[in-house]
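Novice: My questions all concern the structure below.
Residue numbers (our numbering): 9 to 530.
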C-alpha cells in the first residue's frame, strides 16, 4: 500500500537502466529461450522491497527478493528461505527460524542468518526512513543463533507477525546498503536478492526485463528463461495484447472482458478468480477535511451507498459486499455492525439533515484511471449518481495510479475510492488506516482510543473464540464513526493464454510468476 514519491521520480527519470554483465538484452536473446510476457497496469514505484507500494507492481520485487516465509496461491503460510515454519515460544514473544543452507544471493554470496538480521535491523532503524518500518516496530531484536538459525524477539505477543512477513519485506545481503547505496535498490538491484529472476533492465512506462536465475535454490524453477513485465496502462490495450498473443498473462483485467473471455477456449484464453485475503474496496475519507469532518455526514454517505448493486451489477460477484472491514463470509464478520450501515436512503437523509452540511455539500473523489488491482471507474460513477439523490455533489478525479497512492498516503485527498490489499490478518487494514504512526494514518486522519486498545488486545490472542469478540467490537466502533465507506472484499482475477502452465490467481492479488511454465512459448 505504501508509495515512495522520491523513489518513483528517480525511477521514472532513470529511463532505460540496463545492467551490464547480467546477460543479453531480450532483443538479442537466443532462439531457443523460453520467454514469458506479462502485462500490468502501472510502473513500479521502486525495486526496493521495503518501499514498494504498488501491489500490481510488487511482482517485480518478489521475483528479486524473498523472505523467510510466503503465502501460497490459496493463502496458506509456507516456508521460503526458512526450512520450516518457526518454533514459537509459549509466551508467543520469540520466533526461532531454521534457515535453508542451500541458498545463495544472485551475486553468489551465501545466504545466512547474518543477512536476515541485517535486513530487519536496517528497516527498523528510523534513520533509514523505510516506508514499511511501521509494520515491523513490534520487533524488539533479531538474534543470530548460528549460521543458519535466527531468533526474532517481540516486544509483546504479536499475532500478525508471520502474516506480515509474507509481504513488504525482502532479505538482502549484509552490508549491501552501505556498499551499493539506495539508488541501486531503487533502480537496478543487480544480484541483490535470492529470487528466481535476475534484473536486466527497466524502461519507464514500457517494460521491466528479467533473466532466469540459473542458481536459484528451487532447481526446477522458474519455468522461463526470460521474463518481460510490460507496463500497459490502458485496459483495452492489455486485452488486445492478450488476444494478439503478444502477452501471456495480464493483471487487473476489466470485469466485463474477464467475464467474456475467461472461458474463451476458441481464442486460446482462460481465466479464474479467487477471494483475496486481506483485501477491501472502500472510500477512504479524510476526516480532517470538510465535509468528512462531520460524523453524521460520513454516515449519510455510507448509508446512501448501495453495495449490493455495486458488487452484483458492476463487479458481477467479484466483490463481496460489506459495510464493515470484514468480508461477509468471514468468521469474524459483525453482521449487526454491517446492518447499521446497510443501504437506506431515508436513514441517509436523516443523518445528512443532522450534519453541518444539511444544505448541501460537495467533495472530490479520487480514483485510479489505470485499474489499480481492479477498475473502479464505473463504481465511482455509480456512487456519484447515488449521492446526487441526497443533493451531494461529487467531483470525480481520475489519477494515474502512482499519483493516486501518493495523494492518499500523504493525506492530501478529501476522499478516494480504491482497493486496499494487505496480508491475510484481519486487523491489518484497520491498523494501517486508523491507528497512529502507520503507513496510511494520514489518509484518514482518524483515531479512536478504544479502537487502539482493542487492536493491542487482539495481538495477544490467536484463537477464534478469544479474537472474535475483539474484532466484532472494532467493527462496531468503525460502523458508529464511519471514518470510511466500505464497499466490500475484492477477488483476485486474471486472464492468461491457455498454453501457460502453473499459473493461477492468488489470494494476495500480485501476480505469482515463479511457477509459471512456458515450455512451448517463444
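Note that the Cβ used here is the ideal one computed from N, Cα and C, for glycine as well.
Can you tell me where the alpha helix (DSSP H) with residue 170 in it begins and where it stops?
Specialist: 169 to 173 is the extent of the alpha helix (DSSP H) around residue 170.
Novice: Spatial neighbours of residue 523 within its chain, please: CB distance less than 6 Å, with the 5 preceding and 5 following residues excluded, ordered by chain position.
Specialist: 510.
Novice: Give the DSSP bridge partners of residue 291, in chain order.
Specialist: The partner list for residue 291 (beta bridge, DSSP) reads 425, 493.
Novice: Any contact of the segment 203 to 214 with the segment 75 to 90, i.e. 3+ C-beta pairs under 8 Å?
Specialist: Cβ pair count under 8 Å is below three, so no.
Novice: Quick check on the burial criterion: 16 or more other C-beta atoms within 10 angstroms. Buried or exposed for residue 319?
Specialist: Classification of residue 319: buried, given that the 10 Å Cβ count is 16 or more.
Novice: Please classify residue 220 as buried or exposed, where buried requires at least 16 other C-beta atoms within 10 Å of its C-beta.
Specialist: Buried.
Novice: Only counting the same chain, and skipping five residues up and downstream in sequence, which positions put a Cβ closer than 8 Å to that of residue 31?
Specialist: With a pLDDT of 30 at residue 31, under the threshold of 50, the modelled position of that residue is not reliable, and the figure given next carries that caveat. So the qualifying residues of the chain are 206, 208, 219.
Novice: Out of 147, 114, 482, 104, which one is the CA nearest neighbour of residue 153?
Specialist: Cα-wise, what sits closest to residue 153 is 104.
Novice: On the three-pair Cβ rule with 8 Å, is the segment 276 to 285 touching the segment 299 to 315?
Specialist: Flag = no, the segment 276 to 285 and the segment 299 to 315 do not touch.
Novice: Helix, strand or coil: which one does DSSP assign to residue 525?
Specialist: Residue 525 falls in the strand class under three-state DSSP.
Novice: Would residue 139 pass as a contact of residue 190 if the rule is Cβ separation under 8 Å?
Specialist: No. Outside cutoff.
Novice: Name the two residues that bound the continuous beta strand (DSSP E) containing residue 373.
Specialist: Unbroken beta strand (DSSP E) run through residue 373: 369 to 376.
Novice: Tell me the DSSP secondary structure of residue 94 in three-state form.
Specialist: In this structure, residue 94 counts as coil in the three-state DSSP scheme.
Novice: In chain order, what are the residue ranges of uninterrupted beta strand (DSSP E) at least 3 long that sit wholly in the segment 91 to 162?
Specialist: Listed in chain order, they are 102 to 106, 147 to 154, 157 to 162.
Novice: Looking at the unbroken alpha helix (DSSP H) that takes in residue 279, where does it start and where does it end?
Specialist: Segment 277 to 283 is the beta strand (DSSP E) holding residue 279; no alpha helix (DSSP H) there.
Novice: Buried or exposed: which applies to residue 227, given that a residue is buried once 16 or more other Cβ atoms fall within 10 Å of its Cβ?
Specialist: Exposed.
Novice: In chain order, what residues of the same chain have a beta carbon less than 6 Å from the beta carbon of residue 341, not counting five sequence neighbours either side?
Specialist: These residues qualify, in order along the chain: 334.
Novice: Any idea which residues DSSP pairs residue 458 with across the strands?
Specialist: Per DSSP, none; premise fails for residue 458.
Novice: Residues in the same chain with beta-carbon distance under 7 Å from residue 345, minus the five sequence neighbours each way, listed in chain order, please.
Specialist: Cβ neighbours of residue 345 beyond the five flanking positions: 332, 483, 484, 487.
Novice: When the Cα atoms are used, what is the spatial distance from residue 459 to residue 441?
Specialist: Straight-line Cα distance between these residues: approximately 12 Å.
Novice: Which residues in the same chain have their Cβ closer than 6 Å to the Cβ of residue 41, if we skip the five residues on either side of it in sequence?
Specialist: If we look at residue 41 and ignore the five residues flanking it on each side, its Cβ neighbours are 233, 234.
Novice: Hey, how far is the Cα of residue 396 from the Cα of residue 407?
Specialist: Their Cα atoms are separated by approximately 22 Å.
Novice: Just tell me which of 118, 70, 200, 309 has its CA closest to the CA of residue 491.
Specialist: Residue 491 has its Cα closest to that of 309, out of 118, 70, 200, 309.
Novice: When you compare the CB positions of residue 425 and residue 387, do they come within less than 8 Å of one another, or not?
Specialist: Going by C-beta atoms, residue 425 is nearer than 8 Å to residue 387.
Novice: Under 8 Å by Cβ, that's how I've got residue 53 and residue 61 pegged, so tell me the actual separation to the nearest angstrom.
Specialist: Yes, they are in contact, since the Cβ atoms of residue 53 and residue 61 sit about 5 Å apart, within 8 Å.
Novice: With DSSP as the reference, please indicate the residues paired to residue 43 in a beta bridge.
Specialist: Answer by DSSP bridge pairing, in chain order: 234.
Novice: With residue 270 and residue 503 assumed to form a contact (beta carbons below 8 Å), what rounded beta-carbon distance in angstroms separates them?
Specialist: About 7 Å; that satisfies the 8 Å criterion.
Novice: Pull up the distance between the alpha-carbon of residue 73 and that of residue 115, whole angstroms please.
Specialist: Taking the straight line joining both Cα atoms gives about 13 Å.
Novice: Using only alpha-carbon positions, find the residue among 184, 432, 120, 368 that is nearest to residue 300.
Specialist: Comparing Cα positions, the closest option is 368.
Novice: In whole angstroms, give me the CA-to-CA distance for residue 430 and residue 286.
Specialist: Between residue 430 and residue 286, the C-alpha separation is close to 5 Å.
Novice: So what's residue 68 in DSSP terms, helix, strand or just coil?
Specialist: If DSSP states are grouped into helix, strand and coil, residue 68 belongs with the helices.
Novice: Taking Cβ to Cβ, would you say residue 106 is nearer than 8 Å to residue 97?
Specialist: Their beta carbons are not under 8 Å apart, which means residue 106 does not touch residue 97 by this criterion.
Novice: With distances taken Cα to Cα, identify the nearest neighbour of residue 516 among 391, 64, 250.
Specialist: Here the closest residue by C-alpha is 64.
Novice: Using C-beta distances below 8 Å, list every residue in its chain close to residue 339, excluding the 5 sequence neighbours before and after it, in chain order.
Specialist: Excluding residues within five positions, the ones whose Cβ falls inside 8 Å are 472, 476.
Novice: What are the boundary residues of the beta strand (DSSP E) that residue 406 is part of?
Specialist: First-last of the beta strand (DSSP E) with residue 406: 400 to 407.
Novice: In terms of residues, what are the limits of the beta strand (DSSP E) holding residue 205?
Specialist: Note, residue 205: beta strand (DSSP E), 205 to 211.
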